[in-house]
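Chains as they are written, first to last, in my numbering: chain A, 5 to 458; chain B, 5 to 458.
Quick reminder that beta carbons are idealized off the backbone N, C-alpha and C, glycines included.
Every value quoted in this text rests on a predicted model; they were computed, and no experiment measured them.
There are 2 protein chains.
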Amino acid sequence: MQFVKTKEYIDQLQAAISNDDKTVILGLINDLHPADIAEIFDDLTIEEAKYIFLLLGDDLAADTLTEIEEDNLLRFIEVLPPKAIASKFIKRMDSDDAADVLGQMSNEQREAVLAQIDDRELLADIVDLLNYEEDTAGGLMAKEMVIVREDDTVIECLKELTRQAENIDEIYYIYVVNNFGMLKGVLTLKDLILNRTSKSVKDIYDPNVIYVNTSTHENDVASMMSKYDMVVLPVVDTLGRLVGRITVDDVIDIAREEADRDYQMMSGFAEDVEPSDKLGRQVRARLPWLVIGLIGGILSSVIISTYEGQLAIHPSMAFFLTLIAAMGGNVGVQSSAIIVQGLANNTLGVKSTFSRLFRELLSSLIMGAICALALFVFNYFFGSSQALTYAASVALLVVMVFASIFGTIVPLALNKVKIDPALATGPFITTINDIVGLFCYLSIGKFFFDYFAL
Amino acid sequence: MQFVKTKEYIDQLQAAISNDDKTVILGLINDLHPADIAEIFDDLTIEEAKYIFLLLGDDLAADTLTEIEEDNLLRFIEVLPPKAIASKFIKRMDSDDAADVLGQMSNEQREAVLAQIDDRELLADIVDLLNYEEDTAGGLMAKEMVIVREDDTVIECLKELTRQAENIDEIYYIYVVNNFGMLKGVLTLKDLILNRTSKSVKDIYDPNVIYVNTSTHENDVASMMSKYDMVVLPVVDTLGRLVGRITVDDVIDIAREEADRDYQMMSGFAEDVEPSDKLGRQVRARLPWLVIGLIGGILSSVIISTYEGQLAIHPSMAFFLTLIAAMGGNVGVQSSAIIVQGLANNTLGVKSTFSRLFRELLSSLIMGAICALALFVFNYFFGSSQALTYAASVALLVVMVFASIFGTIVPLALNKVKIDPALATGPFITTINDIVGLFCYLSIGKFFFDYFAL
Numbered sequence: 005m006q007f008v009k010t011k012e013y014i015d016q017l018q019a020a021i022s023n024d025d026k027t028v029i030l031g032l033i034n035d036l037h038p039a040d041i042a043e044i045f046d047d048l049t050i051e052e053a054k055y056i057f058l059l060l061g062d063d064l065a066a067d068t069l070t071e072i073e074e075d076n077l078l079r080f081i082e083v084l085p086p087k088a089i090a091s092k093f094i095k096r097m098d099s100d101d102a103a104d105v106l107g108q109m110s111n112e113q114r115e116a117v118l119a120q121i122d123d124r125e126l127l128a129d130i131v132d133l134l135n136y137e138e139d140t141a142g143g144l145m146a147k148e149m150v151i152v153r154e155d156d157t158v159i160e161c162l163k164e165l166t167r168q169a170e171n172i173d174e175i176y177y178i179y180v181v182n183n184f185g186m187l188k189g190v191l192t193l194k195d196l197i198l199n200r201t202s203k204s205v206k207d208i209y210d211p212n213v214i215y216v217n218t219s220t221h222e223n224d225v226a227s228m229m230s231k232y233d234m235v236v237l238p239v240v241d242t243l244g245r246l247v248g249r250i251t252v253d254d255v256i257d258i259a260r261e262e263a264d265r266d267y268q269m270m271s272g273f274a275e276d277v278e279p280s281d282k283l284g285r286q287v288r289a290r291l292p293w294l295v296i297g298l299i300g301g302i303l304s305s306v307i308i309s310t311y312e313g314q315l316a317i318h319p320s321m322a323f324f325l326t327l328i329a330a331m332g333g334n335v336g337v338q339s340s341a342i343i344v345q346g347l348a349n350n351t352l353g354v355k356s357t358f359s360r361l362f363r364e365l366l367s368s369l370i371m372g373a374i375c376a377l378a379l380f381v382f383n384y385f386f387g388s389s390q391a392l393t394y395a396a397s398v399a400l401l402v403v404m405v406f407a408s409i410f411g412t413i414v415p416l417a418l419n420k421v422k423i424d425p426a427l428a429t430g431p432f433i434t435t436i437n438d439i440v441g442l443f444c445y446l447s448i449g450k451f452f453f454d455y456f457a458l
Numbered sequence: 005m006q007f008v009k010t011k012e013y014i015d016q017l018q019a020a021i022s023n024d025d026k027t028v029i030l031g032l033i034n035d036l037h038p039a040d041i042a043e044i045f046d047d048l049t050i051e052e053a054k055y056i057f058l059l060l061g062d063d064l065a066a067d068t069l070t071e072i073e074e075d076n077l078l079r080f081i082e083v084l085p086p087k088a089i090a091s092k093f094i095k096r097m098d099s100d101d102a103a104d105v106l107g108q109m110s111n112e113q114r115e116a117v118l119a120q121i122d123d124r125e126l127l128a129d130i131v132d133l134l135n136y137e138e139d140t141a142g143g144l145m146a147k148e149m150v151i152v153r154e155d156d157t158v159i160e161c162l163k164e165l166t167r168q169a170e171n172i173d174e175i176y177y178i179y180v181v182n183n184f185g186m187l188k189g190v191l192t193l194k195d196l197i198l199n200r201t202s203k204s205v206k207d208i209y210d211p212n213v214i215y216v217n218t219s220t221h222e223n224d225v226a227s228m229m230s231k232y233d234m235v236v237l238p239v240v241d242t243l244g245r246l247v248g249r250i251t252v253d254d255v256i257d258i259a260r261e262e263a264d265r266d267y268q269m270m271s272g273f274a275e276d277v278e279p280s281d282k283l284g285r286q287v288r289a290r291l292p293w294l295v296i297g298l299i300g301g302i303l304s305s306v307i308i309s310t311y312e313g314q315l316a317i318h319p320s321m322a323f324f325l326t327l328i329a330a331m332g333g334n335v336g337v338q339s340s341a342i343i344v345q346g347l348a349n350n351t352l353g354v355k356s357t358f359s360r361l362f363r364e365l366l367s368s369l370i371m372g373a374i375c376a377l378a379l380f381v382f383n384y385f386f387g388s389s390q391a392l393t394y395a396a397s398v399a400l401l402v403v404m405v406f407a408s409i410f411g412t413i414v415p416l417a418l419n420k421v422k423i424d425p426a427l428a429t430g431p432f433i434t435t436i437n438d439i440v441g442l443f444c445y446l447s448i449g450k451f452f453f454d455y456f457a458l
């Protein structure tokens, strides 16, 4: 039923490739879904993948091409002649997939491939789609759809459907436009089947159609389709004319990618990382955040070093350095994460920033007081000095409240100035929290040690 | 087009509710999608929401009910009499939504509502659906679908479609079964329209149908539908008999929820948190991780305190305590996050654990060496002593390599024993990393200070 990729399977396949045994390879690949073939490519070298790719039939190869992830795709395309790309792949793809593939080529290669497309309608569709920004509804949409006019009858719709059915794999809805091409409503295939063929479209279509503009951001497209449980979403231009449609399969990936980006930001990756990525790429993605963390750590060490005199007299002040830094970081990340996720899922509600900060102040006071009290109890029984007992708990409370407020303000402010709020859960802010936290702790510690020494 | 919830809108609505002005309320609510109405409820008190809910027409109320999130839903239901729930809502819902709502009731209330359902077929469907685990394909599926037999003709299909169309809102596919009810293949409405009515289903259906079993986990359902770009996925029982279907809208939310859970785990939340949650709930979700962090911090302080003698002689040893702890944590979270995301997105590939660890060893050695070298250069020019310069860099390298390997092993091991691997990015592991890191640093520091003192 579902294909499961195993190490044994990949080993078998690689052995067959190195033996140049086409029968075994086709036996292994046969009946696989294009998405599965693309998945197998992740575990092969680019040469092995190319070898298999060239064995595939044209339709299967085109379908597989749309499923291959970007990095591999570019390496696949660069060795094929433009004529082959145009005739073997582009012509067999939906317009949105074709535009995606072409959009990833160099300008020269793209021009060369476009020059080889002889289907004028397809060419016009693709060139049109290439104009839209990649992360907008225009960049996501495809041109393939069945369109009828308000004044058509059901029998005319059925004829139009038959005419277009060859080019369109899956038809879920038929869109109704007026004489100016403006979107008026939607018809289901069920409506066509259940109504008399003489009926006019006008009388049976549903005018309550949800649509987006070509410039709508892909994240909004994704959340709308998810919220309104839509399978296909029509796209209109600024004049309200129907220009394309987005299917839900393109959108599932966006919701996941958005969540993944937030996750990676929080994990401290500068770019998209996958377990199968090359070592160099992994290091490149991971090192920037580590270096920022290192710089933060060095700044921390500078701050601590200014208190060297104090530490020489009261070495016990060092005991809670890591606790304070860690707790500030923990609480700050929590506060930022609530905001980041609220923004991503549109669950932030309509509360004002002020009331949100007030709430955060309250909850951080409660959590800070509980943690500070627990630390106080520990230090009261096992601590080395009264000064340290007071200093550690007071500093913990102050640091937790500060980090909460800071962690709430930063993503809200970033979002306001159109910077990805997820940045707040990443390197800079946790590092700043660490530094401010240490500074608080050390100065509060100095105060209490001086006070109890009097 | 799309409704945007604003503070002004909510204020208007709340004013109208307190004035008991039904005309204004209906004017505001009218034409909204059920999903929008449910979203508005998040910003109202439960009494306000109930007031609006009772103003809605029956169909709209039933649709809205399926969109309301769990917490609010239970509070809505508990005040309504079983007869009203059965006749007003359950009868108007799809079987999967009805089972979801019933599944959230207390046993007594559920029995009372079921007793009020007079449609025997619907009752049987719901009772059947209630038997499946919530997080399996059986728990997700609905019973509403159009089923035809292999031996039927197109005209018989059309008749069956017409008969069932009243009960089923959206029809995308027609499923083909044999005389034993076993799933054989699939037909699109397009197939019905484009083929002669005398043709037999046998000759036109597509036997390459992807399906799942009732016990398939919802995460696997979600990744299959996303991978194979499916709008509807049929569900079969252990005998291969078609028992239900899952639509993509139920699955979009699962992909997002799974990603959200991983994100929350990493942010340090013990339970699902939303910005609109009550203060008490937020504190309850956040405090456990903070307390674990606090315990870790206290353990760290105990470890540091055992080196108090050293610190008294060489207070500069305290300078890099936070740097070492932070870098161990950062690198460990990165390593775990790669594995967690790879497991969630099925991009882990088929490499053996050994080769994965070897790679991680290599990349952590590279990153550790770069960071250690940078720290060495800093300390060489600005550091206070040779011993500390060596100690800090050597400890940093050791800690980063350890944390990487540890961060890779833990989620893989958790996954093997069927515990959520995302736990590795949460409290325990970062705390253990901190403690091990400090121990390494302090003992390496002691070694170098002793060595250079000779």
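For the candidate residues B/T242, B/F410, B/P431, B/F324, whose alpha-carbon lies nearest to that of B/I448? B/F324
Three-way DSSP call (helix, strand, coil) for A/R200 in this model: coil
CA nearest to the CA of A/A90, picked from A/K206, A/L118, A/G107: A/L118
Which residue's Cα is closest to the Cα of A/V255: B/E275, B/E170, B/M229, B/F184? B/M229
Supposed close pair B/E74, B/Q108 - CB separation, criterion 8 Å: 6 Å
Suppose the cutoff is 7 Å on Cβ atoms and the five residues either side in sequence are ignored; what does the same chain contact list for A/P292 look like? A274
I want to verify the contact list: residues of chain A whose CB lies under 7 Å from the CB of B/A322, in sequence order. I308, L315, A322, L325
Step through the CB atoms of chain A and report whether any lies within less than 8 Å of the CB of B/F406. no
Give the residues from the stretch 183-205 of chain B that approach chain A closer than 9 Å (Cβ to any Cβ), ordered along the chain. T192, L193, K194, L196, I197, L198
In chain A, which residues lie with their C-beta within 7 Å of the C-beta of B/G411? Those within 7 Å of B/G411 in chain A number zero; the least Cβ separation is about 10 Å.
Comparing C-alpha positions only, which one of A/E222, A/V216, A/N183, A/I214 sits nearest to A/K206? A/N183
Inter-residue Cα distance where the pair is B/D25 and A/N419: 37 Å
Please say whether B/L243 and B/L187 have beta carbons closer to each other than 8 Å? no
Could you tell me how far apart the beta carbons of A/A330 and B/G142 are, in whole angstroms, since I believe they sit closer than 8 Å? At roughly 44 Å, the Cβ-Cβ gap does not stay under 8 Å, so A/A330 and B/G142 are not in contact.
Classification of A/G313 by the beta-carbon crowding that lies within 10 angstroms, buried from 16 upward: exposed
Report yes or no: is there a C-beta of chain A within less than 8 Å of the C-beta of B/Q113? no
Taking the alpha-carbon of A/E1 as reference, which of A/E137, A/D241, A/E148, A/E138 has the nearest alpha-carbon? With chain A running from 5 to 458 in the structure shown, residue 1 of chain A is simply not present.
Out of B/V403, B/D47, B/R96, B/T49, which one is the CA nearest neighbour of B/N68? One detail in the question is off: residue 68 of chain B reads as Thr in this sequence, not Asn. For B/T68, the nearest C-alpha among the options comes from B/R96.
Residues from the stretch 431-450 of chain B in contact with chain A, defined by Cβ distance under 7 Å: D438, L442
Unbroken beta strand (DSSP E) run spanning B/K11, endpoints: Taken as a continuous stretch (DSSP letters only), B/K11 belongs to no beta strand (DSSP E), being part of the alpha helix (DSSP H) at 11-22.
Decide if the stretch 404-418 of chain A is in contact with the stretch 368-387 of chain A; the criterion is three or more beta carbon pairs, one per stretch, under 8 Å apart. yes
Interface residues of chain A around B/L283 at Cβ under 7 Å? R363, L366, S367
Do the stretch 438-453 of chain A and the stretch 390-399 of chain A meet, that is, are 3 or more Cβ pairs less than 8 Å apart? yes
Neighbour flag for B/N334 against chain A, beta carbons, 8 Å: yes
Please identify the residue among A/F386, A/R167, A/V335 whose C-alpha is closest to the C-alpha of B/L303. A/F386
Return no unless some Cβ of chain A is closer than 8 Å to the Cβ of B/E164. no
Reducing DSSP to helix, strand and coil, say where A/N350 ends up. coil
As a quick exercise: from A/D104, A/Y136, A/E115, A/L294, pick the residue whose alpha carbon is nearest that of B/A378. A/L294
Along chain A, which residues have their Cβ under 8 Å away from the Cβ of B/T351? D46, E278, P279, S280
Proximal residues of chain A, C-beta to C-beta of B/E222 below 9 Å: Correct list: empty, because the minimum Cβ distance to chain A is about 14 Å.
Chain A contact residues for B/L291, given Cβ-Cβ distances below 7 Å: M371, I374
Give a yes or no on whether 8 Å exceeds the smallest Cβ distance from A/K11 to chain B. yes
Does any residue of chain B have a CB that is nearer than 8 Å to the CB of A/E52? no
Tell me whether B/N217 sits in a helix, a strand or coil according to DSSP, three-state version. strand
Taking the alpha carbon of A/L77 as the reference point, which residue from A/F45, A/I296, A/V335, A/R265 has its own alpha carbon closest? A/F45
I'd like to know if the stretch 218-226 of chain A and the stretch 165-178 of chain A are in contact, where contact means that at least 3 CB-CB pairs between them fall below 8 Å. no
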